[in-house]
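Report on the following structure.
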Amino acid sequence: MSEPPPLIIAVPKGRILAEALPLLARAGIVPEAAFSDEDSRLLRFETDDPGISLIRVRAFDVATFVAHGAAQLGIVGSDVIAEFGYSELYAPVDLGIGHCRLSVAEPVAMAAHDDPRGWSHVRVATKYPHVTAAHFAARGVQAECVKLNGAMELAPTLGLAPRIVDLVSSGRTLKENGLVEVEEIMQVTSRLIVNRAAMKTRPQVVPLVEAFRRAVEAGA
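For the sequence shown, position 144 matches number 144 in UniProt numbering, and the numbering has no gaps at all.
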């Protein structure tokens, strides 16, 4: 009987990856050396478990790879899960890493005389149009969302949109670009996501989910 193909775990590039590595290790997953090589152009990596491979992709793409079954598990922020709303995804474990918040921000001068409670229509630049529109709709505010994939802080300065909705951690990037938070939309942490079909058809998935759950508890 042939061995099943390796399980593939999609992990995000950037800040979350550094926080995820100790968690992966506690779950018994140690990537090959090239995974930590910033100059490596590889996107798929082996681990010390021949039944598990890792792929390193953009955070927004993690959800897509897992939802469509190209990867069976992934690590991604709750902001991305909320934005896509894929029914094929199950998020069984809050990993307790990647703490930040999704917030509305605007120029300091505007905020000095602005009251979010009085908004009836807003124009915002964001890479979270669905979460943003839903948030404002629940408040009875009409939101016009300009979709951007990065450099959000430029939008108010260059007249693209007076406000932005983006992830905020320390707030330093906002401050250096003359912006200030005026409303929080949601708190964000990274979650372990699983493809629902894989959970039923790949027997290795459930033990791996439990290994991540124990890893979180061990690091608490």
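Using N, Cα and C, we set each Cβ at its ideal position, and we do this for glycine too. If you're wondering where the values come from, they're calculated on a predicted model, not measured in any experiment.
CA nearest to the CA of Leu-192, picked from Val-168, Ile-164, Ala-138 and Val-209: For Leu-192, the nearest C-alpha among the options comes from Val-209.
The alpha helix (DSSP H) enclosing Pro-22, as first and last residue numbers: Secondary structure note for Pro-22: its alpha helix (DSSP H) is the uninterrupted segment 15–26.
Asp-39 to Gly-14 span [Cα, whole Å]: About 14 Å.
Complete alpha helix (DSSP H) runs within the UniProt domain "ATP phosphoribosyltransferase catalytic" (58–211) (minimum length 4 residues, chain order): For the UniProt domain "ATP phosphoribosyltransferase catalytic" (58–211), whole alpha helix (DSSP H) runs of length 4 or above, ordered along the chain, are 59–67, 78–84, 108–111, 129–138, 154–157, 172–176 and 196–201.
Contact check, Ala-10 vs Ala-71, beta carbons under 7 Å: Going by C-beta atoms, Ala-10 is nearer than 7 Å to Ala-71.
Span of the beta strand (DSSP E), counted from its first residue to its last, around Ala-33: Secondary structure note for Ala-33: it is in no beta strand (DSSP E), with a DSSP letter that is neither H nor E.
Alpha-carbon spacing of Ile-29 relative to Ala-20, whole angstroms: Each residue's CA atom was taken as its position, placing Ile-29 and Ala-20 some 11 Å apart.
Range covered by the beta strand (DSSP E) that runs through Leu-43: Neither: Leu-43 is in no beta strand (DSSP E) and is coded neither H nor E.
At least three beta-carbon pairs within less than 8 Å, the region 43–51 to the region 101–113: Contact between the region 43–51 and the region 101–113 is absent, with fewer than three C-beta pairs closer than 8 Å.
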